[in-house]
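Using the working numbering, the first residue of the sequence shown is number 6, and each one after it goes up by one.
C-beta atoms are modelled at their ideal positions from N, C-alpha and C, and glycine is treated no differently.
What follows is one structure encoded as structure tokens, with my remarks underneath.
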Amino acid sequence: MSLTINRERLLSEIDALALFSDAEAPAVTRIVFSTTDLKARSWMKARCEEAGLTVHQDAVGNTFARWDSSDAVEPVVGTGSHIDAIPNAGKFDGVVGVLGGLEAIRALRESGFRPKHSIELLIFTSEEPTRFGIGCLGSRLLSGTLSANAARKLTDESGCTLDEVRRKTGFGGELEQVKLSGAYYKAFVELHIEQGPLLERQRIPLGIVTKIAAPASLRVLIEGSGGHAGGVLMPDRRDALCAAAELILAIESAARTSGAIDTVATVGICDVFPGAVNSIPSRVRLSVDIRDTDLQRRDKVMRTIATTCESISARRQVSIHNELVNADAPADCAPAIIEALSQSCRKHQLNFLPMVSRAYHDSLFIAHIAPVAMLFIPCRNGYSHRPDEFAAPDDIVRGTLVLAETLAALST
Ligand SMILES: [Zn+2]
Numbered sequence: 006m007s008l009t010i011n012r013e014r015l016l017s018e019i020d021a022l023a024l025f026s027d028a029e030a031p032a033v034t035r036i037v038f039s040t041t042d043l044k045a046r047s048w049m050k051a052r053c054e055e056a057g058l059t060v061h062q063d064a065v066g067n068t069f070a071r072w073d074s075s076d077a078v079e080p081v082v083g084t085g086s087h088i089d090a091i092p093n094a095g096k097f098d099g100v101v102g103v104l105g106g107l108e109a110i111r112a113l114r115e116s117g118f119r120p121k122h123s124i125e126l127l128i129f130t131s132e133e134p135t136r137f138g139i140g141c142l143g144s145r146l147l148s149g150t151l152s153a154n155a156a157r158k159l160t161d162e163s164g165c166t167l168d169e170v171r172r173k174t175g176f177g178g179e180l181e182q183v184k185l186s187g188a189y190y191k192a193f194v195e196l197h198i199e200q201g202p203l204l205e206r207q208r209i210p211l212g213i214v215t216k217i218a219a220p221a222s223l224r225v226l227i228e229g230s231g232g233h234a235g236g237v238l239m240p241d242r243r244d245a246l247c248a249a250a251e252l253i254l255a256i257e258s259a260a261r262t263s264g265a266i267d268t269v270a271t272v273g274i275c276d277v278f279p280g281a282v283n284s285i286p287s288r289v290r291l292s293v294d295i296r297d298t299d300l301q302r303r304d305k306v307m308r309t310i311a312t313t314c315e316s317i318s319a320r321r322q323v324s325i326h327n328e329l330v331n332a333d334a335p336a337d338c339a340p341a342i343i344e345a346l347s348q349s350c351r352k353h354q355l356n357f358l359p360m361v362s363r364a365y366h367d368s369l370f371i372a373h374i375a376p377v378a379m380l381f382i383p384c385r386n387g388y389s390h391r392p393d394e395f396a397a398p399d400d401i402v403r404g405t406l407v408l409a410e411t412l413a414a415l416s417t
């Protein structure tokens with residue numbers, strides 16, 4: 006089988022999709038179920054149908070485009086990613102996996118290849134958390150990681166529920182029907198830009214993901230006692246911000262001393278109330294993000310944070326309330342898919358780097374119901390989620406070729 010990736014077609018489609026945007030080029034803003042997103046979706050659907058694929062959408066708008074080959078059987082070999090984009094993002098995040106996936110399937114069809122297993126492109130709904138506050142909405146529902154009931158309660162900034170929004174934009178049916186069975190996929194492989202600098206730095210064209218790190222996040226509310234910055238003497242203070250400062254450093258130290266470079270912890274939000282120069286902070290809200298490739302190690306950091314909260318609270322006479330927002334499990338990629346990806350790289354004498362995905366992706370959730378792996382291509386300076394996000398045409402084409410060969414290998 007000799008495969009040809011149609012470079013011009015693929016690159017021009019990436020440019021064309023970037024025009025569906027609520028921000029001025031080169032920035033891309035495409036929020037799930039916005040008018041712009043709906044237009045982009047129907048454009049995508051038309052490209053899939055033009056390629057001879059059969060398209061269907063589920064109740065939350067996950068879009069499946071299947072190569073219906075009469076002699077192909079289930080389970081399905083899947084590929085795909087997302088096309089929603091956070092405000093002021095670039096045009097490659099997610100899109101490379103969707104349009105690269107489509108091009109890979111087209112290349113296989115045009116080569117005369119006959120898959121034994123059906124091959125399907127999947128465009129996930131709302132990988133980005135922008136509108137409903139939770140990332141990977143589509144894949145969480147597909148994998149059953151998020152229940153239909155919990156999903157129904159999600160609201161956007163204007164107070165509209167997910168249920169109202171999806172029905173208004175044409176996605177009917179019940180959310181209960183979105184979940185796929187564990188027998189649906191034979192394998193799922195996602196092509197994505199790295200969103201980090203390692204491949205570019207080491208001049209390696211491809212990264213094969215062996216593990217996907219998973220985040221847990223906490224909201225912490227610290228309440229002390231406010232007062233006049235001059236009037237309240239130091240022995241009488243119950244300063245919420247000083248307690249927060251101690252906690253932030255303890256969180257950093259818990260990650261640093263976990264024994265593994267893969268443990269990371271970040272306090273990304275620190276809201277101080279009342280926030281006046283001459284007023285003792287009485288209330289602080291923190292948001293904490295903890296990630297690791299190892300669930301036990303990550304959970305140990307979380308337990309350390311919990312006990313540190315207790316000791317700071319007792320010592321400083323402040324109340325600390327700790328709320329778990331989410332705690333997803335990390336995923337190991339499937340050895341058989343990693344091997345199929347590696348074989349294709351070796352065949353073309355392409356150097357590749359086994360690596361950890363430190364950002365999370367829809368594949369993390371699909372890993373609950375299917376063997377998964379991911380293929381990374383470099384992106385300039387590691388930039389992503391910004392308008393100057395850039396992946397080189399040669400890298401995109403290479404990634405698409407390796408993806409196509411991997412889909413072929415997995416479907417025979
Ligand atoms: Zn992405």
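Counted as a single uninterrupted DSSP element, the alpha helix (DSSP H) harbouring Val402 occupies residues 398-415. For Cys350, the enclosing alpha helix (DSSP H) has its first and last residue at 340-352. Taking each of Arg302, Thr271, Arg296, Glu410 in turn and checking the Cα distance to Arg351, the smallest one comes out for Glu410.
Residue range 367-371 is occupied by the alpha helix (DSSP H) that includes Phe370. When the Cα atoms are used, Ala378 and Ser368 turn out to be separated by approximately 7 Å.
The alpha-carbon of Thr174 is positioned some 18 Å away from that of Ser26. Under DSSP, Pro359 shares a beta bridge with Ile213. Of the other Cβ atoms in all chains shown, 16 or more fall within 10 Å of the Cβ of Ile285; this residue is therefore buried.
Gly140 and Leu226 have their C-alpha atoms some 23 Å from each other. A distance criterion of 7 Å places the beta-carbon of Gly99 in contact range of ligand 1, judged by its closest non-hydrogen atom. Sorting Ala153, Pro376, Leu104 by C-alpha distance to the C-alpha of His197 places Leu104 at the top. Inclusion of Glu132 in the 7 Å shell around ligand 1 follows from its C-beta lying nearer than that to a non-hydrogen atom of the ligand. When the five nearest sequence neighbours on each side are left out, the beta carbons in the same chain lying within less than 7 Å of the beta carbon of Asp42 are those of Arg35, Ile36, Asp89, in order along the chain. Per the coordinates, the alpha-carbon of Pro398 lies some 55 Å from the alpha-carbon of Gly229. Between the alpha carbons of Gly232 and Val277 lies a gap of roughly 14 Å. For Tyr190, the beta-bridge partners assigned by DSSP are Val81.
Collapsing the DSSP output to three states places Met49 in a helix. Of all C-beta pairs linking the stretch 284-300 to the stretch 246-263, three or more are shorter than 8 Å, placing the two stretches in contact. Taking 8 Å as the cut-off, the Cβ atoms of Gly404 and Glu199 do not count as close.
With a cutoff of 7 Å, Ser7 does not count as near ligand 1, since its C-beta is closer than that to no heavy atom of the ligand. As the crow flies, the alpha-carbon of Asp161 is around 15 Å from that of Val65. Cβ neighbours of Asp333 within its own chain (closer than 8 Å, five residues either side excluded): Thr150, Ala219, Pro220, Ala221, Tyr365, Leu369, Phe370.
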